[in-house]
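Residue numbers (the numbering used here): 242 to 572. Idealized CB from N, CA, C, for every residue including glycine. Beneath this line is the structure, given in structure tokens, with notes to follow.
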């Protein structure tokens with residue numbers, strides 16, 4: 242479920258915890274503003290800057306190590322609970338209890354709000370998310386993480402969706418006593434039916450920041466081709482992030498992600514793919530990057546039982562390391 246990436250040290254400007262996995266499941270109509278398989282969009286709203294690279298990133302595998310056991314149980318049409326057990330030598334292990342509530346305010350046939358979800362472990366460490374759409378244009382998301390009885394991370398995001406643009410404001414890890422925190426402004430405009438352009442302004446302030454404050458301005462863009470591919474990019478000072486997504490067929494999707502830091506003179510590239518085999522109830526995702534790290538995850542539904550078998554593998558050829566995982570999802 243929701244996981245806020247927070248630490249005791251303040252995060253860098255532009256810190257944006259990823260949306261919880263269950264949010265994507267409860268909001269399937271959100272496609273990050275990218276084009277559907279036929280290269281057209283149902284409306285001219287471009288989505289949010291946060292989802293700019295979502296189409297490409299979604300096909301990359303989420304590798305895990307060790308053993309994972311997940312049980313999902315729907316108690317009603319609005320409430321679901323989950324039990325998760327992880328056993329790993331490098332990742333957080335143990336038991337977590339999760340719960341998801343979906344409200345009765347129907348925005349569309351596939352969307353209902355508010356959505357409240359979270360998970361907690363036996364030590365009381367909590368991840369919590371609240372998502373609510375007040376009307377067709379305004380949506381707010383609250384995220385919080387509590388560890389060892391301390392608030393380790395928090396974030397509030399408000400999106401305003403116009404007819405052909407989206408504006409967002411994010412406030413993260415605000416600390417009034419120490420006068421520290423992060424603020425991020427997003428704006429994405431649909432220039433043409435195929436081209437979206439926008440900007441991101443991130444400002445971090447606090448006593449530990451040089452000059453007690455620093456700002457970073459980024460420009461973003463995305464092109465939705467009628468030939469089933471999407472190119473998106475972010476340019477920020479000496480850094481660049483570019484993604485390319487292509488749907489080759491109904492069963493094959495590929496993506497390339499390139500990140501470059503000209504100041505550090507470093508670049509990395511990753512190639513990912515997703516293969517869907519509906520007749521075999523199987524989804525296979527794989528990736529290989531410029532650091533010679535190869536990873537893959539296979540998801541196999543064991544019909545007619547409500548079971549899904551997960552198999553994960555990753556090999557780092559540079560460091561001669563390998564990690565493997567096996568999981569079972571029930572429900």
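If you draw a 10 Å sphere on the C-beta of residue 347, you find fewer than 16 other C-beta atoms in it, and that means exposed. Excluding the 5 residues flanking it on each side, residue 531 has same chain C-beta neighbours closer than 8 angstroms at 508, 509, 510, 511, in chain order. In the three-state reduction of the DSSP assignment, residue 291 falls in the helix class, which pools H, G and I. For residue 491, there is no enclosing beta strand (DSSP E), as DSSP marks it with neither H nor E.
Per the C-alpha coordinates, the member of 449, 410, 475 positioned closest to residue 295 is 475. Put simply, of 366, 321, 320 the residue whose alpha carbon is nearest the alpha carbon of residue 336 is 366. DSSP places residue 448 outside both helix and strand once states are collapsed to three, so it counts as coil.
Residue 553 places its beta carbon less than 8 angstroms from that of residue 566.
Judged by pairs of C-beta atoms under 8 angstroms, the stretch 518 to 528 touches the stretch 540 to 551, as three or more such pairs exist. For the set 569, 424, 305, the Cα lying nearest the Cα of residue 442 is the one of 424. Your pair residue 429 and residue 287 checks out as a contact, with CB atoms roughly 5 angstroms apart and the cut at 8 angstroms. Here residue 322 is bridged, per DSSP, to 314, 340.
Pairing residue 447 with residue 419 gives a Cβ-Cβ distance under 8 angstroms. Burial state of residue 377 is exposed, judged by a 10 Å Cβ sphere holding fewer than 16 other Cβ atoms. Rounded to whole angstroms, the gap between the alpha carbons of residue 431 and residue 450 is 35 angstroms. Rounded to the nearest whole angstrom, the C-alpha separation of residue 490 and residue 466 is 15 angstroms. For residue 570, the enclosing beta strand (DSSP E) covers residues 562 to 571. In the DSSP annotation of this structure, the continuous segment of the beta strand (DSSP E) that includes residue 421 starts and ends at 421 to 431.
In the three-state reduction of the DSSP assignment, residue 355 falls in the strand class, which pools E and B. By the Cβ-count criterion, residue 496 is buried, with 16 or more other Cβ atoms from all chains shown falling within 10 Å of its own Cβ. Closest in alpha carbon position to residue 457, among 463, 444, 469, 468, is 444.
With respect to the 8 angstroms criterion, residue 343 and residue 319 are classified as neighbours on the basis of their beta carbons. Residue environment for residue 514: buried (at least 16 other C-beta atoms within 10 angstroms of its C-beta).
With a contact defined as Cβ atoms closer than 8 angstroms, residue 528 and residue 301 qualify at about 5 angstroms. Listed in chain order, the non-local C-beta contacts of residue 568 below 6 angstroms within the same chain comprise 309, 551, local neighbours out to five positions each way being set aside.
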